[in-house]
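Some notes on the structure that comes next.
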Amino acid sequence: MMNFLSLKLEPPEEKYMNVVKAWQTPMNASSPDGEISIEWMPHEHPFASAGFRRNLCSVSERLSKIGSNRNVIILIHYYLHPARYLSPELYRHHVKNAVVAIKSLLQRSPNAKIVIKGPHSTTYPHSHVPYDFVAKFMEQVIYEEFKDIHNSVYYVDY
Numbered sequence: 354m355m356n357f358l359s360l361k362l363e364p365p366e367e368k369y370m371n372v373v374k375a376w377q378t379p380m381n382a383s384s385p386d387g388e389i390s391i392e393w394m395p396h397e398h399p400f401a402s403a404g405f406r407r408n409l410c411s412v413s414e415r416l417s418k419i420g421s422n423r424n425v426i427i428l429i430h431y432y433l434h435p436a437r438y439l440s441p442e443l444y445r446h447h448v449k450n451a452v453v454a455i456k457s458l459l460q461r462s463p464n465a466k467i468v469i470k471g472p473h474s475t476t477y478p479h480s481h482v483p484y485d486f487v488a489k490f491m492e493q494v495i496y497e498e499f500k501d502i503h504n505s506v507y508y509v510d511y
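So for the sequence shown, the working numbering puts the first residue at 354; every next one is plus one.
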């Protein structure tokens, strides 16, 4: 069994070297034998950051770039930035676009595993946004929009 501690982090592309926060930077890691590779990608807009933004694209665009017959695990997490900056209609639009792309990916790559990370409880000392209330709405949208493929995706809630 592959030990994930032996994954080698690849240095970011030069255009990302001046990014202050690592989570804003696309990152890759792979096993020495090439059997496992992991990618981290910043999420799509809205992305509240003063940092580098040219690497942002939608979930549906990223999923459409995955080829056929791929054995991949995809983790999608929509929460804090959408909770703060998207209207309910726009949030639903983002989720609908992701569902269309996921259905297409599952047609091309039936062994793909899709994991949807649900909202988590959060509080900020100086924020008046009721995040836990917003999270309930977001969970409902995810449930409704994924209804046709509930048996094809995994939902993680903590």
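For every residue, glycine included, the Cβ atom is placed at its ideal position computed from N, Cα and C.
Limits of the unbroken beta strand (DSSP E) element including residue i
{"i": "N381", "result": "380-383"}
{"i": "I419", "result": "Looking at the DSSP string, I419 is not in any beta strand (DSSP E), and its letter there is neither H nor E."}
{"i": "S411", "result": "From DSSP, S411 is part of no beta strand (DSSP E); its letter is neither H nor E."}
{"i": "Y507", "result": "506-509"}
{"i": "S480", "result": "First-last for S480: undefined, no H or E at that position."}
{"i": "H503", "result": "It is not in any beta strand (DSSP E) - H503 carries neither H nor E in the DSSP assignment."}
{"i": "S474", "result": "Premise fails: S474 is in no beta strand (DSSP E) and is neither H nor E."}
Alpha-carbon spacing of residue i relative to residue j, whole angstroms
{"i": "N464", "j": "H473", "result": "28 Å"}
{"i": "L443", "j": "V453", "result": "16 Å"}
Reference residue i, options the options, closest by Cα
{"i": "D501", "options": "K456, Y477, G471, I467", "result": "K456"}
{"i": "A451", "options": "I495, H481, S462, Y477", "result": "I495"}
{"i": "E388", "options": "C410, R423, M394, L416", "result": "R423"}
Start and end residues, alpha helix (DSSP H) containing residue i
{"i": "H447", "result": "441-461"}
{"i": "Y489", "result": "In the sequence as displayed, the identity of residue 489 is Lys instead of Tyr. Start and end: 484-498."}
Contact under 7 Å by Cβ, residue i with residue j
{"i": "K466", "j": "I426", "result": "yes"}
{"i": "V468", "j": "Y507", "result": "yes"}
{"i": "I429", "j": "V412", "result": "yes"}
{"i": "L459", "j": "S421", "result": "no"}
{"i": "E492", "j": "G471", "result": "yes"}
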